[in-house]
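Working notes, beginning with the structure itself.
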Amino acid sequence: MLSFTIRRLLLAIPTLLFISLVIFLLLEASPGDPLGDVPLTVPPEVKERMREALGLGQAWYIRYVLWLKQFFWVEPLHWFDQVFGTSYSAGMQRIISFQSRSPVFDVIAQRLPQTLTVVGMSYVVGVLIAIPIGIISAYKQYSWFDQLGTFVSMVGFSMPTFFTGVVLIIIFGVKLQWFPSIYDTTHVVRDWDSFLYQVKQMVMPVTVLALYNAAQISRFMRASMLDNLGQDYVRTARAKGLGERTVVMKHVLRNSLIPVVTVIALGLPAVFGGAIITEQVFKVNGLGQLLISAIHANDIPMVLTLTFIFAILIVLFTLIADIVYGVLDPRIRYD
Amino acid sequence: MTDTDRQHQLDTAELIDETAVNAAVTADLPPDNPAQAGGESRSQWGDVWRQFRSHKGAMVALLLFIGVILFVSVGPLIWTIDPTYVDIRARNSGFSVAHPLGTDQLGRDLLARLMSGGRVSIAVGLTAMVLAITLGSFIGVMSGYFRRLDAPLMRMTELFLALPLLPLLLLMVTLFREPLSQTFGAATGIFLLIVSAIGATSWMQSARIVRGEVLGLKEREFILAAKSIGTPPASMIVRHILPNVLSPIMVAATLGIATAIITESALSFLGLGFPPDFPTWGRLLFDAVDQMVLYPWRVILPGLFISLTVLCVNYIGDGLRDAMDPRIRGR
Chain A
1 MLSFTIRRLL
11 LAIPTLLFIS
21 LVIFLLLEAS
31 PGDPLGDVPL
41 TVPPEVKERM
51 REALGLGQAW
61 YIRYVLWLKQ
71 FFWVEPLHWF
81 DQVFGTSYSA
91 GMQRIISFQS
101 RSPVFDVIAQ
111 RLPQTLTVVG
121 MSYVVGVLIA
131 IPIGIISAYK
141 QYSWFDQLGT
151 FVSMVGFSMP
161 TFFTGVVLII
171 IFGVKLQWFP
181 SIYDTTHVVR
191 DWDSFLYQVK
201 QMVMPVTVLA
211 LYNAAQISRF
221 MRASMLDNLG
231 QDYVRTARAK
241 GLGERTVVMK
251 HVLRNSLIPV
261 VTVIALGLPA
271 VFGGAIITEQ
281 VFKVNGLGQL
291 LISAIHANDI
301 PMVLTLTFIF
311 AILIVLFTLI
321 ADIVYGVLDP
331 RIRYD
Chain B
1001 MTDTDRQHQL
1011 DTAELIDETA
1021 VNAAVTADLP
1031 PDNPAQAGGE
1041 SRSQWGDVWR
1051 QFRSHKGAMV
1061 ALLLFIGVIL
1071 FVSVGPLIWT
1081 IDPTYVDIRA
1091 RNSGFSVAHP
1101 LGTDQLGRDL
1111 LARLMSGGRV
1121 SIAVGLTAMV
1131 LAITLGSFIG
1141 VMSGYFRRLD
1151 APLMRMTELF
1161 LALPLLPLLL
1171 LMVTLFREPL
1181 SQTFGAATGI
1191 FLLIVSAIGA
1201 TSWMQSARIV
1211 RGEVLGLKER
1221 EFILAAKSIG
1231 TPPASMIVRH
1241 ILPNVLSPIM
1251 VAATLGIATA
1261 IITESALSFL
1271 GLGFPPDFPT
1281 WGRLLFDAVD
1291 QMVLYPWRVI
1301 LPGLFISLTV
1311 LCVNYIGDGL
1321 RDAMDPRIRG
1331 R
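Sequence order for the protein chains is A and B. Under our numbering, think of the first position of the first sequence as 1, with each following residue one higher. Under our numbering, think of the first position of the second sequence as 1001, with each following residue one higher.
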């Protein structure tokens, strides 16, 4: 298992390098100009110097290597300094956003909590809904509950989040006025009332994302339970007189959860991507919103770094899923 | 795999009936021509269709999907108002005889816009799907059939799977919309861009499925037989491999339409899709969001059409998968 993990970790390095190169070259090939908004009255030589100041003067491969150095060397050193009060990174250039002229990672650190609370919460809620639904659907196959669950998950799977989000806003935000339709990120939780407000404003975005995730996960859970319910060991467990509860909740559930855990891990980075749309609907200024505004503003360092972080998340969670699968189910080890 | 087991039961019942009918025949010596033994001969696609019909949800979905297709293709011939015609005096009108679904903020007829928008949305879905499936099956067949290509092609597939797709799509569409719409004209340029972007980022799953099928197929006797009479690789793939991997390809294709439609409308919703005078369902939804408090129907209608189409396509895919999986069909 250890050698497998090490091999996969080593394989992740060229993968990530390749992805970063793809993103970099895509941005490089783009016709957009970060100085496009500079007034025409600015003389060309000044514009040239502005270009130099933004670091756009050199050849692309030099800038690529520089960016790699900043991402993998300067930024970790900077965080190390922050934590331990040392000064190894003094005088080193961090990745600077074209838009705000502040370090990209500082902006990301500001936006991360919003995304994490909304997206993380919705994923947890989605999983908590999906697993019981999957268990009951599989155990009572073809009952009305199963039929309804299958239909609802099909619908949840088919409705795009921007539509469910907007419909929820119209019903609960506009007509009934139960929940605020815009997520207020400046809100600080101080006491019970402000906590209630925070819960209220999180209800709708979390519901939208949770429904979407629950639809997918519950189908996997149901299929996995059905696979296991027909196995011989279940018959043995029943034959030796175990209670139905123990059979289902202990023997079957534990074995069915193995593939579902990997599905959950694999789905997590996709949720960050899907949150781009939900954040746009509810005006949450998290990472997705940051990415979109950076794309519109031609903010190359920000787009590059953010997209690369999404890629790291995907590679990381794929790795985690593979390792967890191997740990949970020793039959499936990739040796 | 929704109705797998129920179908299995149906099949078993059917099988029992058939064997009961043929009991007299099977008691005799085996017939000279087994294809005509059971009376009428059955083709593979006839069987698939028979099986598909027993999936109630898929049949309803198929009818609804045909309805949506007719709505967007024949509809504009009956409802002849130009979707881009601006009638500023009739703007923001509700449901009426002149405008059954009302008008938007510029007085353009919403029914006509929904029809032409659906045309673009479904065209994007179909074209992107064809592109993705062609690419995916090509790579899948190549890497499954030629052992030397397997490792590099699968590495590439894994790399593509690790790409953050939605951010990259956003990036591609934003960066290349200007030059492409200048070269090919606004509508065609964006169409080409979106279709190729979606196609290029969604072939990986079908490539993996096809590769797996081809790998299993290569071990079969009929392939060995074809090889031993000297069939060259090209005709081997076209004559023997492709027809046998058609069913997983078709299921992947159906589900691919759904993803492509959702992706296109998501791009439009983020304001990065088609230009405003060239509506798609996603674009109509995006345009209406600003005024959703006053005119909620303008948001709900295009959204309903997107969801309905995608739901239908998903159900059809589900039915196809049940109908085509030989393990479920019990033959």
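Yeah, the Cβ is synthetic: ideal placement off N, Cα and C, and Gly gets one too. Predicted model only: the values in this text are computed from it and were never measured.
When you compare only the Cα positions, how much space is there between residue i and residue j?
i: A/F308; j: A/L26; result: 13 Å
i: A/F317; j: A/V104; result: 23 Å
i: B/I1081; j: A/I217; result: 44 Å
i: A/V324; j: A/V261; result: 8 Å
i: A/V125; j: A/S158; result: 19 Å
i: B/G1140; j: A/D329; result: 29 Å
i: A/V42; j: A/M50; result: 10 Å
i: B/Q1044; j: A/R222; result: 30 Å
i: B/A1132; j: B/S1202; result: 6 Å
i: A/V247; j: A/Q141; result: 17 Å
i: A/L268; j: B/L1114; result: 35 Å
i: A/Q201; j: A/N255; result: 38 Å
i: A/T161; j: A/E52; result: 42 Å
i: B/M1001; j: A/V118; result: Low local confidence applies: a pLDDT of 48 at B/M1001 is under 50, so the model's placement there is unreliable, with the coordinate-based value given in what follows. Their Cα atoms are separated by approximately 32 Å.
i: A/S194; j: A/M204; result: 17 Å
i: B/I1237; j: B/G1216; result: 14 Å
i: A/V127; j: A/R245; result: 21 Å
i: B/G1136; j: B/E1213; result: 13 Å
i: A/M225; j: A/Y233; result: 13 Å
i: B/F1052; j: B/T1127; result: 25 Å
i: B/R1147; j: A/I19; result: 26 Å
i: B/T1254; j: B/N1314; result: 7 Å
Which chain A residues sit within Cβ distance under 7 Å of residue i?
i: B/P1296; result: I170
i: B/I1262; result: P160
i: B/V1289; result: V166
Using a Cβ-Cβ cut-off of 6 Å (strictly less than) and excluding sequence neighbours within five positions of residue i, which residues of its own chain qualify?
i: B/T1157; result: M1204, A1207
i: A/E279; result: G286, G288, Q289
i: A/P259; result: S224
i: B/D1087; result: G1107
Which residues in chain A sit within 8 Å of residue i, going by Cβ to Cβ distance?
i: B/V1130; result: The contacting residues do not exist; B/V1130 stays about 21 Å from chain A at best.
i: B/M1292; result: V166, I169, I170, V174
i: B/L1285; result: F162, F163, V166
Looking at the secondary structure, which residues open and close the alpha helix (DSSP H) in which residue i lies?
i: B/A1197; result: 1186 to 1200
i: A/V47; result: In the sequence as displayed, the identity of residue 47 of chain A is Lys instead of Val. 44 to 53 is the span of the alpha helix (DSSP H), which, as asked, contains A/K47.
i: A/D106; result: 104 to 115
i: A/W67; result: 60 to 69
i: A/T15; result: 2 to 29
i: A/H296; result: 287 to 296
i: A/P154; result: Note that residue 154 of chain A corresponds to Met in the displayed sequence, not to Pro. A/M154 -> alpha helix (DSSP H) spans 144 to 158.
i: B/G1273; result: Per DSSP, B/G1273 belongs to no alpha helix (DSSP H) and is neither H nor E.
Give me, in chain order, the residues of the same chain whose beta-carbon lies closer than 7 Å to that of residue i; leave out the 5 immediate sequence neighbours on both sides.
i: A/H78; result: S89, R94
i: B/F1160; result: M1204
i: A/L11; result: none
i: B/Q1009; result: none
i: B/L1153; result: I1139, M1142, S1143
i: A/R238; result: V247
i: B/V961; result: Since the first residue shown for chain B is 1001 and the last is 1331, residue 961 of chain B is missing from the structure and cannot be characterised.
What residues from chain B crowd round residue i, counting only those whose CB sits closer than 8 Å?
i: A/T307; result: P1164, P1167, L1168, L1171
i: A/T15; result: E1158, L1159, A1162
i: A/L26; result: L1168, L1171, M1172, L1175
i: A/T262; result: Chain B residues near A/T262: none, gap ~14 Å exceeds 8 Å.
i: A/Q280; result: F1269, L1270
i: A/L291; result: P1167, L1170
i: A/S97; result: In chain order: nothing, as chain B lies at least about 16 Å away.
Counting only Cβ pairs nearer than 9 Å, list the residues of chain A close to residue i.
i: B/L1192; result: Under the 9 Å cutoff, chain A gives no residues; its nearest Cβ is about 16 Å from B/L1192.
Show which residues of chain B have a CB atom less than 7 Å away from the CB atom of residue i.
i: A/F310; result: P1164, P1167
i: A/L56; result: The premise fails here: A/L56 is roughly 16 Å from chain B at the closest Cβ pair, so nothing lies under 7 Å.
i: A/V303; result: L1171
i: A/I295; result: L1170, L1171, T1174
List the residues of chain B whose Cβ lies closer than 9 Å to the Cβ of residue i, in chain order.
i: A/S218; result: Those do not exist, as A/S218 stays about 12 Å from chain B at its closest Cβ, beyond 9 Å.
i: A/F18; result: L1159, A1162
Taking 8 Å as the limit between beta carbons, can you name the residues of its chain near residue i, skipping five residues before and five after?
i: B/S1096; result: G1102
i: B/V1251; result: G1317, L1320, R1321, M1324
Residues in the stretch 152 to 168 of chain A with C-beta within 7 Å of chain B's C-beta atoms, listed in sequence order? Of all residues in the stretch 152 to 168 of chain A, M154, V155, F157, S158, M159, P160, F162, F163, V166, V167 have a Cβ within less than 7 Å of some Cβ in chain B.
Tell me which residues of the stretch 1296 to 1321 of chain B have at least one Cβ-Cβ distance to chain A shorter than 9 Å, keeping chain order. Among the residues of the stretch 1296 to 1321 of chain B, those with a Cβ less than 9 Å away from any Cβ of chain A are P1296, V1299, I1300, P1302, G1303, L1304, I1306, S1307, L1308, T1309, V1310, L1311, C1312, V1313, N1314, Y1315, D1318, in the order of the chain.
According to a CB-to-CB cut-off of less than 9 Å, which residues of the stretch 1266 to 1277 of chain B neighbour chain A? Of all residues in the stretch 1266 to 1277 of chain B, those with a C-beta nearer than 9 Å to a C-beta of chain A are A1266, F1269, L1270, G1271, L1272, reading in chain order.
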